[in-house]
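Below: one structure, written as structure tokens.
In the numbering used here, the protein residues as written are 150 to 515.
If you want it as structure tokens, here you go:
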């Protein structure tokens with residue numbers, strides 16, 4: 150038995166040594182062009198990669214200074230994604246045969262630019278499909294360690310999916326990312342969101358995928374909003390209609406920090422600490438939310454209310470027409486119950502509010 154254990158130990162040591170020698174002698178930059186082309190095929194976008202290193206445990210490439218070009222119909226000046234570092238997880242056995250098969254991507258501290266144009270089309274819709282008139286990866290740049298950054302194609306109309314290839318990955322992760330969102334139908338100034346973590350598993354536009362996204366308010370791990378669930382397939386051209394079922398959890402989120410995160414002045418003068426859970430179900434652009442929320446230490450215009458606020462609700466938002474239906478909103482102001490139901494039409498300016506309020510046994514002093 151002792152000899153068997155010693156033999157197994159020797160085999161393990163030899164295998165580990167072989168892997169370390171392989172990693173030390175494998176010039177990953179020699180395969181930069183291959184990896185770059187593989188990413189471009191999956192993304193349908195031009196990709197630029199910096200210096201690369203190989204790590205064996207687990208098998209992955211570490212890439213410096215990633216840049217993924219935007220759809221030329223939206224933005225030729227700034228990339229769609231920039232990241233200080235990219236981890237590319239690959240399958241080990243093909244690597245021994247000098248072949249690269251990408252399994253997952255992790256972007257460290259990336260900046261992502263999301264744009265919705267005046268026609269209501271998002272710039273990420275064309276991911277996985279080359280833009281019209283865009284050169285194929287082999288035409289856009291030569292491979293090799295000294296290959297120049299991809300050239301920028303001339304602007305075209307927003308890309309239409311061709312169905313020839315799909316962007317798919319076992320896992321896509323964003324760690325501590327910054328996301329810029331510009332809705333050209335509503336504003337000329339993008340909104341900035343920082344400290345975002347996102348994990349997508351089994352991602353493919355034509356199949357269901359799982360999502361785990363977290364936002365940390367003011368960079369603090371104690372204030373967190375987390376969205377988890379299953380979505381897809383993605384509705385092409387209408388992301389808001391993509392099916393999704395999951396939950397949203399708020400953990401000790403201050404209203405002031407949330408307003409800064411959302412870059413919204415709507416809650417100016419209001420503060421408090423919110424915690425709660427929401428069940429979310431989106432079908433055909435009708436988003437239903439059922440859950441409960443608790444606000445501790447609420448303040449309005451700097452005045453402390455002196456009691457907590459609790460709410461249970463059942464709401465449906467028709468995203469296509471900006472119509473919010475309040476089926477039931479039961480609020481407790483301390484010990485005082487209030488019930489609301491009705492609609493909020495955000496389409497016109499100003500918005501139209503039609504709400505019925507029911508309250509029983511309210512103290513005049515309160």
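Backbone N, C-alpha and C fix where the C-beta goes; we use that ideal spot for every residue, glycine too.
Source: prediction; values computed, not measured.
Residue i versus the options, residue with shortest Cα-Cα distance
i, options, result
"residue 336", "345, 410, 269, 237", "269"
"residue 462", "454, 474, 256, 401", "474"
"residue 378", "441, 319, 349, 446", "349"
"residue 484", "186, 454, 254", "454"
"residue 491", "498, 472, 499", "472"
"residue 319", "255, 263, 327, 376", "255"
"residue 358", "345, 189, 383, 220", "383"
"residue 334", "504, 496, 509, 188", "496"
"residue 480", "361, 468, 444, 466", "444"
"residue 362", "222, 273, 437, 399", "399"
"residue 193", "448, 388, 273", "273"
"residue 251", "401, 230, 257, 189", "189"
"residue 198", "228, 271, 508, 427", "228"
"residue 449", "427, 232, 417, 396", "417"
"residue 421", "438, 402, 437, 427", "402"
"residue 260", "224, 183, 343, 409", "343"
"residue 340", "468, 365, 265, 375", "265"
"residue 267", "331, 372, 441", "331"
"residue 482", "216, 446, 180", "446"
"residue 374", "380, 427, 338", "427"
"residue 408", "437, 372, 439", "372"
"residue 354", "376, 498, 380", "380"
"residue 321", "498, 223, 504, 257", "257"
Bridge partner(s) assigned by DSSP for residue i
i, result
"residue 380", "358, 393"
"residue 352", "318"
"residue 234", "213, 257"
"residue 484", "The partner list for residue 484 (beta bridge, DSSP) is empty, contrary to what the question assumes."
"residue 327", "260"
"residue 346", "363"
"residue 334", "Its beta-bridge partners do not exist; DSSP assigns none."
"residue 453", "448"
"residue 374", "364, 399"
"residue 508", "487"
"residue 196", "217"
"residue 340", "330"
"residue 479", "461, 488"
"residue 473", "466, 493"
Residue i to residue j span [Cα, whole Å]
i, j, result
"residue 329", "residue 236", "22 angstroms"
"residue 211", "residue 204", "7 angstroms"
"residue 459", "residue 411", "23 angstroms"
"residue 506", "residue 487", "7 angstroms"
"residue 200", "residue 234", "10 angstroms"
"residue 405", "residue 456", "18 angstroms"
"residue 352", "residue 423", "32 angstroms"
"residue 356", "residue 154", "46 angstroms"
"residue 178", "residue 213", "11 angstroms"
"residue 310", "residue 489", "Note that residue 310 scores a pLDDT of 42, beneath 50, so its modelled location is shaky and nothing firm can be said."
"residue 500", "residue 478", "19 angstroms"
"residue 419", "residue 253", "42 angstroms"
"residue 326", "residue 509", "47 angstroms"
"residue 441", "residue 387", "29 angstroms"
"residue 281", "residue 365", "Bear in mind that the predicted position of residue 281 carries a pLDDT of just 47, short of 50, making it unreliable; the figure below should be weighed with that in mind. Their backbone Cα atoms lie some 38 angstroms apart in a straight line."
"residue 238", "residue 219", "23 angstroms"
"residue 397", "residue 263", "22 angstroms"
"residue 183", "residue 191", "13 angstroms"
"residue 231", "residue 217", "7 angstroms"
"residue 502", "residue 494", "6 angstroms"
"residue 294", "residue 180", "Model confidence at residue 294 stands at a pLDDT of 45, short of 50, so the residue's coordinates are unreliable and nothing is read from them."
"residue 468", "residue 209", "41 angstroms"
"residue 185", "residue 452", "57 angstroms"
"residue 225", "residue 276", "16 angstroms"
"residue 196", "residue 465", "40 angstroms"
"residue 425", "residue 345", "19 angstroms"
"residue 202", "residue 347", "24 angstroms"
Span of the beta strand (DSSP E) around residue i
i, result
"residue 419", "419-432"
"residue 498", "Taken as a continuous stretch (DSSP letters only), residue 498 belongs to no beta strand (DSSP E), as it is neither H nor E."
"residue 438", "435-449"
"residue 204", "201-204"
"residue 458", "458-467"
Extent of the continuous alpha helix (DSSP H) to which residue i belongs
i, result
"residue 408", "404-411"
"residue 190", "181-192"
Residue i CB to nearest heavy atom of the ligand FAD below 7 angstroms
i, result
"residue 457", "In terms of ligand content, the structure shown is empty, and the ligand FAD therefore cannot be addressed."
Report task. Mind the definition here: the stretch 424-443 touches the stretch 386-401 only if three or more C-beta pairs lie below 8 angstroms; say whether that holds. Result -> yes
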